[in-house]
Amino acid sequence: METKANITVIRPKDRNEWLEYRKSGIGSSEVATILGLNPFETPYQLWRRKIGLDEPKTETFAMKAGHYLEDAVSLFWSDETGRTVIKSSAGDWLIRDNERPFLQVSPDRTYWLSGMTKNNSNKGILECKTTQMKIDGDDLPKHWFCQVQYQLGVAGLREGSLAWLCSGREFGYKDLSFVPDFYGWIVEEVEKFWTDNIQGKKEPEATTVQDVLLKFNRHTDGKIVEVNDEIFADYERLKEVKAEIAKLDEIKTGLEDRIKLGFGDAEAISYGGQTIATWKAPKPSMKFDDKAFKSAHPEMVAEFTREVQGARRFLLK
């Protein structure tokens, strides 16, 4: 552990210890969620994880691959820019704000600023990404931009770079300067979330259907809620849309049936020499006959049958 003027650098002995340290603050990958700018997670979902209602995210293959490929992305970036990545920055480590310890970041890499004396103030932060998305350097994903700004602010640095490898085939990067006003807003929101929601256990508002299902995976029998005019207007519009879909489905079925009359026993039909549709039976497959099994072995069915809570069904009246 290395303490400097405004920050403390923590170098855990292994990845498990690093993961434990991360629980005690807000990391850069969580900031965009708090700000409502993460398309993959809501503040409510993050809150549930942070206070232990839900299990920590399980490392997927994509997450592990992204971690392993940081070296590759940093090498591409170094080749492209001619800048030197600081070797000791590779690994699991943290930078923590001394005044507000819940502000903490784990940069992928740091690098020396070109033409500057090599000291702690003349470093930049390199964030490495692997993705399947097509990335426009002039329109970066908002959650990536937030991540770099938060890292720069906590670390007390002024320059950073975001590098990405798309589908293993295309590399790109974008240099980013620290934006103090934006970081100030981030800190305000993070501090509010940490104080009110994590320490104070205040539940964030549910903003998506997934949030509602996490909070209420089953209805309360007999409970009826009076909704506002906006929801009622959505209800009326949805009924109209469903009626339109039903009419289109009817037209679709009629068209399909008339086209099928042209097949006979053929597997395909053509027009002007070009195949326009096929109609083939699938190959036979093995299927478990649960009815026959229940009839022949009722005691085994009972032994291995358990109650499972189904998903809530949405029906218009």
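Just so you know, we're using my numbering here: the sequence shown kicks off at 531 and counts up by one. Backbone N, C-alpha and C define an ideal beta-carbon position, used for all residues, glycine too.
Looking at C-alpha atoms only, which residue of CYS658, GLU560 and ILE537 is the closest neighbour of GLU629?
Indexing the sequence shown from 1 puts residue 629 at position 99. The candidate whose alpha carbon is nearest that of GLU629 is ILE537.
Determine the contact status of ALA685 and ILE625, defining contact as a CB-CB distance below 8 Å.
In the sequence shown, residue 685 corresponds to position 155, counting from 1. In the sequence shown, residue 625 corresponds to position 95, counting from 1. Cβ atoms of ALA685 and ILE625: closer than 8 Å.
Just mark LYS791 as buried or exposed, buried being the case when its beta carbon has 16 or more other beta carbons within 10 Å.
Within the sequence shown, the letter at position 261 stands for residue 791. Note that residue 791 is Leu in the sequence shown, not Lys. Around the beta-carbon of LEU791, fewer than 16 other beta-carbon atoms lie within 10 Å, marking it exposed.
Based on the DSSP output, what are the partners of GLU657 in its beta bridges?
Within the sequence shown, the letter at position 127 stands for residue 657. Answer is LEU692, bridged to GLU657.
For THR737, collect the residues of the same chain with a Cβ closer than 6 Å to its Cβ; drop the 5 residues on either side in sequence, then sort them by chain order.
As a first step, residue 737 is located in the sequence shown; it is residue number 207 there, counting from the start. Excluding residues within five positions, the ones whose Cβ falls inside 6 Å are THR572.
Alpha-carbon spacing of GLY621 relative to ALA595, whole angstroms:
Counting from one through the sequence shown, the residue named residue 621 turns up at place 91. Counting from one through the sequence shown, the residue named residue 595 turns up at place 65. For GLY621 and ALA595, the distance between alpha carbons rounds to 15 Å.
Cβ distance (whole Å) where SER644 is taken to contact ARG613 below 8 Å:
Against the sequence shown, residue 644 aligns to sequence position 114. Against the sequence shown, residue 613 aligns to sequence position 83. For a cut-off of 8 Å, the C-beta gap from SER644 to ARG613 is around 6 Å, short enough to register as a contact.
Would you mind working out which of PRO586, LYS847 and ARG639 sits nearest GLU550, comparing C-alpha positions?
Within the sequence shown, the letter at position 20 stands for residue 550. Answer by Cα proximity: PRO586.
Can you check which of these residues, GLU756, ARG541 and PHE746, is closest to TRP623 by C-alpha distance?
Within the sequence shown, numbered from 1, the residue matching residue 623 stands at position 93. Selected option, being the one with the closest Cα: ARG541.
Since TRP642 and ILE665 should fall inside the 8 Å C-beta cutoff, what is the C-beta to C-beta distance between them, to a whole number of angstroms?
Here residue 642 is taken as the residue at index 112 of the sequence shown, counted from 1. Here residue 665 is taken as the residue at index 135 of the sequence shown, counted from 1. At roughly 25 Å, the Cβ-Cβ gap does not stay under 8 Å, so TRP642 and ILE665 are not in contact.
Closer than 7 Å: THR738 CB and nearest the ligand GTP heavy atom:
Here there are no bound small molecules, and the ligand GTP is not part of this structure.
Using a Cβ-Cβ cutoff of less than 6 Å, which residues in the same chain neighbour ARG578 once the five nearest sequence positions on both sides are dropped?
Counted from its first residue, the sequence shown places residue 578 at position 48. Here the set comprises ASP584.
Do you know offhand how far GLU721's Cα is from ILE775's?
Translated into positions along the sequence shown, residue 721 becomes position 191. Translated into positions along the sequence shown, residue 775 becomes position 245. Whole-angstrom Cα-Cα distance: 47 Å.
Looking only at C-alpha atoms, which of SER636, HIS597 and SER604 sits nearest to ARG552?
The sequence position of residue 552 within the sequence shown is 22, counting from 1. Ranking SER636, HIS597 and SER604 by Cα distance to ARG552 puts SER636 first.
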